[in-house]
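Participant: Residue numbers (the numbering used here), protein chains in the order written: chain A, 1192 to 1437; chain B, 201 to 268.
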């Protein structure tokens, strides 16, 4: 691993941290209501499905012409990154509510308890399914990000290591604390990751269109800083306007 | 069939949250690719449109969303 892989590894690590925290909240809620067995089996099966997707998609990427791959991944990354940034801006400006792991945990726990009243006999299965769904849904985003930031320049291994480190860190903290990780500054992480993903998106689309970016890979952090600056400006403007209205 | 529709919606939802933002990004992409094809001697022009356009779209979309 060298310095050139730092943006890919950092992006994979931070985005995986956000997704792993969200998945852990659901898995912990399942474990609290029905025990670790259905929570663990659901999460494990989710990881198996994700591994299968990676193994199935990975070799296919080599068959796609590089320029087409850069363009397609670039477009998807830009859509994905700007979606995260938009949400982070609106949350920071107070337009939409911040994502709260404690609230998500309570909601999931209540939902599982309600299900317990309705389908007592199938509850382990339903609880396992909730755990499985959480791991697959959040994990799919991680898989996409790892493939997207790593595939273009042969950094799949490095990006995967970044994602794996984040997931292991979250799982370890979850085991130690036995409660949702509410103190993770999720929205700040979303700003950083959204800016990085959008920057990667613009970079890859440009590469696909034969744009000779000045400084080559150095352009990625510069683009990310530009996205971050614009996002923070949007937060300030929308907050000021909202305050003036009240 | 329902599962397929749900899976497709989930997949689209990964990338598209706000239709207007997604559409604006696609317009910027088309514009950049047209410029790249029309002006192959000035490839940085397409890159500039792509970067500045994306930043502008993000800013305009969030400010507009806040007004709603």
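By construction, the Cβ of each residue, glycine as well, lies at the ideal position given by its N, Cα and C atoms.
Predicted, not measured: the structure shown is a model, and the values here were computed from it.
(1) Mind listing which residues of the region 1396-1413 of chain A have their C-beta closer than 7 Å to chain B's C-betas, in chain order?
(2) With a threshold of 7 Å on Cβ separation, who are the neighbours of residue 1315 of chain A within its own chain once the five nearest residues in sequence on each side are excluded?
(3) Considering residue 261 of chain B, what are the terminal residues of the alpha helix (DSSP H) in which it resides?
(4) Less than 8 Å between CB atoms is the rule here; does residue 1427 of chain A satisfy it with respect to chain B?
(5) Tell me the DSSP secondary structure of residue 1408 of chain A in three-state form.
(6) Does residue 1282 of chain A have its Cβ less than 8 Å from a Cβ in chain B?
(7) Are the beta-carbon atoms belonging to residue 1361 of chain A and residue 1208 of chain A less than 8 Å from one another?
(8) Taking beta-carbon pairs under 8 Å, can you tell me which members of the region 1256-1285 of chain A lie near chain B?
(9) What span of residues does the alpha helix (DSSP H) with residue 1282 of chain A cover, start to end?
(10) Can you pull the chain A residues whose beta carbon is under 7 Å from the beta carbon of residue 247 of chain B, in chain order?
(11) At least one CB of chain A closer than 8 Å to the CB of residue 205 of chain B: is that the case?
(12) Could you tell me which chain A residues have their CB closer than 7 Å to the CB of residue 227 of chain B, listed as they occur along the chain?
(13) Helix, strand or coil for residue 240 of chain B? Go by DSSP, reduced to three states.
(14) Give me the Cα-Cα distance between residue 1350 of chain A and residue 1246 of chain A, rounded to the nearest whole angstrom.
(15) Helix, strand or coil for residue 1238 of chain A, going by three-state DSSP, please let me know.
(16) Taking the continuous alpha helix (DSSP H) assigned at residue 216 of chain B, which residues delimit it?
(17) What residues in the region 1327-1345 of chain A have a beta carbon less than 8 Å from any beta carbon of chain B?
(18) Are residue 1381 of chain A and residue 217 of chain B touching if we call contact CB-CB under 8 Å?
(19) Closest to residue 1387 of chain A by C-alpha separation, out of A:1359, A:1221 and A:1271, would be which residue?
(20) Might you give, ordered along the chain, the residues of its own chain that have their beta carbon closer than 8 Å to the beta carbon of residue 1347 of chain A, omitting 5 neighbours on each side?
(21) What whole-angstrom Cβ distance do residue 1206 of chain A and residue 1384 of chain A have, given they're in contact under 8 Å?
(22) Exposed or buried, residue 1416 of chain A, counting other C-beta atoms within 10 Å across all chains shown (16 or more means buried)?
(23) State yes or no: is the C-beta of residue 1425 of chain A within less than 8 Å of the C-beta of residue 263 of chain B?
(24) Might you give, ordered along the chain, the residues of its own chain that have their beta carbon closer than 6 Å to the beta carbon of residue 1284 of chain A, omitting 5 neighbours on each side?
(25) Looking at the C-beta of residue 262 of chain B, does it have a partner C-beta in chain A at a distance below 8 Å?
(26) Return helix, strand or coil for residue 1253 of chain A, following the three-state DSSP convention.
Facilitator: Looking at the coordinates:
(1) 1396, 1397, 1400, 1401, 1402, 1403 and 1404
(2) 1225 and 1229
(3) Going by DSSP, residue 261 of chain B is part of the alpha helix (DSSP H) stretching over 243-267.
(4) So, not an interface residue.
(5) Of the three classes helix, strand and coil, the one that applies to residue 1408 of chain A here is helix, per DSSP.
(6) Not an interface residue.
(7) yes
(8) Answer in chain order: 1266, 1267, 1269, 1270, 1271, 1273, 1274, 1276, 1277, 1278, 1280, 1281 and 1284.
(9) 1257-1283
(10) 1397, 1402 and 1404
(11) no
(12) Correct list: empty, because the minimum Cβ distance to chain A is about 12 Å.
(13) coil
(14) 15 Å
(15) Under the three-state reduction of DSSP output, residue 1238 of chain A falls in the helix class.
(16) Taken as a continuous stretch (DSSP letters only), residue 216 of chain B belongs to no alpha helix (DSSP H), as it is neither H nor E.
(17) 1328, 1331, 1332 and 1335
(18) No, the Cβ-Cβ distance between residue 1381 of chain A and residue 217 of chain B is not below 8 Å.
(19) A:1271
(20) 1249, 1337, 1338 and 1341
(21) 4 Å
(22) Exposed, because fewer than 16 other Cβ atoms sit within 10 Å of the Cβ of residue 1416 of chain A.
(23) yes
(24) Contacts found: 1426, 1429 and 1430.
(25) yes
(26) coil
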